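Below is one structure, written out as structure tokens; comments come after it.
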């Protein structure tokens, strides 16, 4: 059956998507999926939208399966549609949103923590009928309107965000105090020692243990997002406007992608801090690639994800296509692998989420026992951290991140989490330093506003003034 054709309206190409998103970031349901261009090479597309026609939030005691059925019904109402040639777009209408890590309580019999970061819904999905898409391969930026998109919404979208020269209102941003960890160093040591005891007892092989940092702020989280983007451009970044704040994610990690029923997941496990000396930096990357400890961590998660994919993929289709590849970002080197498969005939994207969420790279192995230990030892809810931001297109195409390197801005408080995989050979001192190195660049970028007035971080040209790069 031929696909319906979307309407396209081309606008001037923007290598930096913040120029356009600046104009809609305060609108209801505003969302940006940001490939990190022009500084982050892997990404091709940026997607942004606002004003969802339907919003889905889990009801009290609603199971994941029931929630996914509601989401599927919402997207089934959209006719599959594609852009006309020569345009290419990963999203032509469908769902944009997030699943928080805490959504896993609706999948498994784990008890939710009382000490949540906020009362943020553990999932929030919007149905969007238009998007402004940038294709960096073709150097084109254009509106994509699904055939169901009302003329009034088309006009609103084009009038609001098709003129980058407009000066958008900005409240500025200022952090009010330095970030502080919720877990003291001695408590961190005791927790790692407890994980080691569980490993020696045979309970688990690896546990991804995280700690939370928090501060307070005033102003516009969108400015903070741009500060983070300047120092840490990543291919799975995202900004989601909330009624009382925002989710700002600078994630380097793909969780799951689906295109033409082909599935890919790219777990990260293994990290080294970047070094300003080129020779030493290359040595650290090579050390990471050959590290027995990091390779052991990585292969444990590869095996876990092979099993997860095997639950919903065609028998024999699951393959490891990359193993122990080093990817480099402004602040760290990461050890990355890739696993692919083909969805079974009776499986869909929601079955895939049920089988794989949350991602094995941020839980541990075996997954359920590792998650139980996480619930026991971590003193705060993970909230959006280690969840997923994703799109699901009306054609069945989907891509998603794991929300690491993520900040939650909520009613004047800001939270950031950092974690790492703990195995038998892990040194608590080394792990404590590694966790800090993963989020330090983001925390320092925001802390640079402490001594400077908020108005100096309130430009409306898509670039925050006074931004400093911390490599």
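In the working numbering, the protein residues as written are 46 to 516.
The beta carbon of each residue, even a glycine, is placed where N, CA and C say it ideally should be.
None of the values given here were measured: they were computed from a predicted structure.
- Using a C-beta cut-off of 8 Å, the segment 343 to 362 makes contact with the segment 372 to 384, since at least three inter-stretch Cβ pairs fall below that distance.
- The beta carbon of residue 81 is closer than 6 Å to those of 88, 278, 279, 280, 282 in its chain, skipping five residues each way along the sequence.
- Within the segment 324 to 406, the complete alpha helix (DSSP H) segments at least 4 residues long are 337 to 355, 394 to 401, listed from N- to C-terminus.
- Inclusion of residue 227 and residue 425 in the CB contact set at 7 Å is warranted, their separation being smaller than that value.
- With a cut-off of 8 Å on Cβ pairs, the segment 422 to 438 is in contact with the segment 246 to 264, counting three or more such pairs.
- In the three-state reduction of the DSSP assignment, residue 414 falls in the helix class, which pools H, G and I.
- In this structure, residue 146 sits near residue 432, with a CB-CB distance shorter than 7 Å.
- Taking C-beta separations shorter than 6 Å and ignoring five residues to either side along the sequence, the partners of residue 72 in its chain run 95, following chain order.
- With a 10 Å radius around the Cβ and a threshold of 16 neighbouring Cβ atoms, residue 332 comes out exposed.
- Collapsing the DSSP output to three states places residue 273 in a helix.
- DSSP places residue 148 within a helical segment (H, G or I) once states are collapsed to three.
- As computed with DSSP, residue 293 is found in a beta bridge with 284, 452.
- Assignment of residue 175 by DSSP, reduced to helix, strand and coil, places it in the strand class.
- Residue 205: member of the alpha helix (DSSP H) spanning 196 to 206, first to last residue.
- Proximity of the segment 404 to 419 to the segment 109 to 122 falls short of the contact definition, fewer than three beta-carbon pairs being nearer than 8 Å.
- Nearest C-alpha to residue 132 among 234, 118, 360, 53: 53.
- Residue 255: member of the beta strand (DSSP E) spanning 251 to 264, first to last residue.
- A distance below 6 Å between beta-carbons, with the five flanking residues on each side excluded, links residue 148 to the following residues of its chain, in chain order: 167, 168.
- DSSP places residue 478 in no beta strand (DSSP E) but in the uninterrupted alpha helix (DSSP H) bounded by 473 to 492.
- Of the other Cβ atoms in all chains shown, fewer than 16 fall within 10 Å of the Cβ of residue 231; this residue is therefore exposed.
- Per DSSP, the unbroken alpha helix (DSSP H) holding residue 231 starts and ends at 230 to 245.
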